[in-house]
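Residue numbers (my numbering): 88 to 577.
Note that CB positions come from ideal geometry on N, CA and C, so glycine has one too.
Structure first, commentary second.
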Amino acid sequence: MVQNIRVRFAPSPTGKLHIGGARTALFNWAYARGRGGKFVLRIEDTDPERSTFENEVAILQGLRGLGLDWDEGPDVGGPHAPYHQKDRIARHKELAQVLLEKGWAYRCFCTRERLEVLNQELTAKKERLAYDRRCRGLAASEVEARVAQGEPFVLRFAVPDGKTAFKDLVRGDVVFGNEEVEDWVMVRSDGNPTYNFVVVCDDIDMGITHVFRGEEHLVNTPKQVLLYKAFDSAQPEFGHLPLMLGTDKKKLSKRTGDTALQDYIDRGFPREAIINFLCLQGWALDGATDIFSLEQFVEKFDIKDVSKAGAVFDIDKFMWLAGEYIRTGTVESLADASLPFVVRKGLATADELKARREWYLAVVAGVKERVRTYAELADQIAYLFVDDEKLTYDEAAEKGAKKHERRVEILRTFLDWLRPQIAHGVQPEPLRNAAKQWVADNNLEMPALFQPLRCALTGQAGGPDLFDTMAWLSSARTLRRIELGIERLA
RNA sequence: GGCCCCAUCGUCUAGCCAGGCCUAGGACACCAGGUUUUCAUCCUGGCGACAGGGGUUCAAAUCCCCUUGGGGUCACCA
């Protein structure tokens, strides 16, 4: 049994943090936290072309935003610093040299052009695409001469004969025939080592004991296992998480929905809901509980319980979960969390909302059980902020209002009755009772008044209690909107 | 196409490893009804799956094999 568990998450700052990457981070983190291990964050920035510092900062923020923390990492340091792969390159080169000397690697002078031709030939013959090892048997003298002449070369790993097996904590034992593993490039012609090489160097140097990552890395594993052998180093335990799938059942891509963690944050999903939903992709607490905390997750999570099959990302369930968290949270927290969304939508400034805190809290309380995300909240209360004259009526709202033949007459007489009632402000409770009595006194059905009224006031077909709405709108705007409604619904 | 992985309701999954307790449980979605001034919430009910075929066994969703289907991967990206 491994004593000191050390896991890592190693994102590449070549783009935004993928939602699947967020789940990988979450599972790694939970595994470490659940058994007193260490969680290491390492930045895989060996692709100088596409890696950016902005991406890195965003990834770190995203992870922290989810509530994850790391014991060692680029911003917190640690005993195995540095935590940027590009800063470890001297060490990588040193290790590559070791493998070269031990015969585990060899120089390959084949040009990209030749490789291109080779691939075409292989494709034509319908054979497996792989390097043909032409440079593997080069005489030492020839290699020396070509190096001396300044001929560019890459370092390839010399894959031995045999089979490569490893234990996968999610899938069981996996075996690859080594003939399926090509002599892959360890070090590029520009001297920069490649992913499969550095990842193992760093995992060894950092004492990583468990490697949990997405299933797309499963086929890389034999290359890496061979590297552990070449370095005469103990193999870590592996665990390949099932892929997160789009509705087309293929690896989640932008084609079928948002793929970045940030996309969902921007769409106003509560962070607890994001975490909770991610946990449910490939794992279940007990088969009956869908809603649980990060703490419960840490307590119960085990890599062995992760399912093997891919998980389709079901946005409907995600939305439901988000709404569940919003409904069970407090009005205050919802007000705070939704405020930036209201501001971003251009409805009001943060200062304005803070100045009207009580009012905003009342509004939020009114829509709390009707929204699933912060963005939806902003959408639903937008009508409160627009000019009375510019209020637009939803199709459904207008249709519902116009269903009632006597709408204009009813609205008129109601307006006359209402005017003195709210002359000194709106008191929802007594007003509601009085209005219901008014409806009864006039021998009307409730909807005959309320549907046109709701349309005039909000432009929406549904929503919170109308008398609360009047209070949020204030007397003047309430009266004005009814006047406008009488004209517009005629 | 080669190799690798996977296979329970439309979706997420429990059950499988240690075969009987499974006439397969929960959740989302959907449908119907109730509550409500509307919408939403909430409550009640309904629909709905062990991919197929062989074995092994007294007994298989659970173990084995095959087929079929789906996915991943085949870079001097990570």
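- Membership of D292 in the alpha helix (DSSP H) is indicated by the continuous run Y282 to D292.
- Spanning the alpha carbons of N142 and G102 requires a straight line of approximately 6 angstroms.
- Your pair L471 and S425 does not check out as a contact, with CB atoms roughly 13 angstroms apart and the cut at 8 angstroms.
- The three-state secondary structure of I130, taken from DSSP, is strand.
- When D134, K441 and G108 are compared, the shortest CA-CA separation from D174 is found for D134.
- With respect to V268, T251 sits close: the two C-beta atoms are nearer than 8 angstroms.
- Residue state for Y461 is assigned as helix, using DSSP reduced to three classes.
- Counting along the chain, A484 sits inside the alpha helix (DSSP H) bounded by residues E482 to K489.
- For M293 against H167, the beta-carbon gap comes to about 4 angstroms, under 8 angstroms, which counts as contact.
- In the structure shown, the three-state DSSP call for G160 is strand.
- Straight-line spacing of the CA atoms in H327 and G397 works out to 11 angstroms.
- Around the beta carbon of H511, fewer than 16 other beta carbons lie within 10 angstroms, which makes this residue exposed.
- With fewer than 16 other Cβ atoms from the protein chains shown falling within 10 Å of its own Cβ, L216 counts as exposed.
- Using a Cβ-Cβ distance cut-off of 8 angstroms, the stretch 238-252 and the stretch 187-198 are in contact, since at least three pairs of beta carbons, one from each stretch, lie closer than that value.
- Under the DSSP assignment, F325 falls in the beta strand (DSSP E) whose first and last residues are E324 to L328.
- Judged by beta-carbon spacing, L128 lies within the 8 angstroms limit of W157, meaning their Cβ atoms are closer than that value.
- Here P100 has I130, D132, S138, T139, N142, E143 and I146 as same chain residues with Cβ atoms under 7 angstroms from its own Cβ, once five neighbours each way along the sequence are excluded.
- In the three-state DSSP reduction, L332 falls in the strand class (E or B).
- Taking the Cα positions, R258 is about 9 angstroms away from V393.
- Beta-bridge partners assigned by DSSP to G301: L328.
- Here the stretch 555-575 makes contact with the stretch 510-527; the two share three or more CB pairs at distances below 8 angstroms.
- Boundaries for G344: no beta strand (DSSP E) harbours it, and the DSSP string shows neither H nor E there.
- In this structure, the CA atom of V94 is about 23 angstroms from the CA atom of A177.
- Judged by beta-carbon spacing, V399 lies within the 8 angstroms limit of T334, meaning their Cβ atoms are closer than that value.
- Closest option to Q349, judged by alpha-carbon separation, among P161, A245 and Q148: Q148.
- Beyond the five residues adjoining it in sequence on each side, A422 comes within less than 7 angstroms, by CB distance, of Y447, L448 and V451 in the same chain, given in chain order.
- Closest in C-alpha terms to L381, from the list G224, F364, A543 and I390, comes F364.
- When C-alpha distances from G453 are compared across V418, V473 and K254, the shortest belongs to V418.
- Residue E266 holds the alpha-carbon nearest to the alpha-carbon of V246 among E266, V430 and G374.
- Between V312 and F253, the C-beta gap is smaller than 8 angstroms, which places the two residues in contact.
- DSSP, reduced to helix, strand and coil, places D555 within a helical segment of the structure shown.
- The three-state secondary structure of L502, taken from DSSP, is helix.
- Between Y480 and G546 a beta carbon distance of about 4 angstroms is seen, short of the 8 angstroms cut, so the two are scored as contacting.
- Taken in chain order, the complete beta strand (DSSP E) segments of 3 residues or longer contained in the stretch 166-235 are 192-195.
- The alpha helix (DSSP H) runs of length 4 or more contained entirely in the stretch 377-437 are, from start to end of the chain, 381-387, 402-415 and 418-431.
- Boundaries of the alpha helix (DSSP H) harbouring T565: S562 to R575, taken from the DSSP string.
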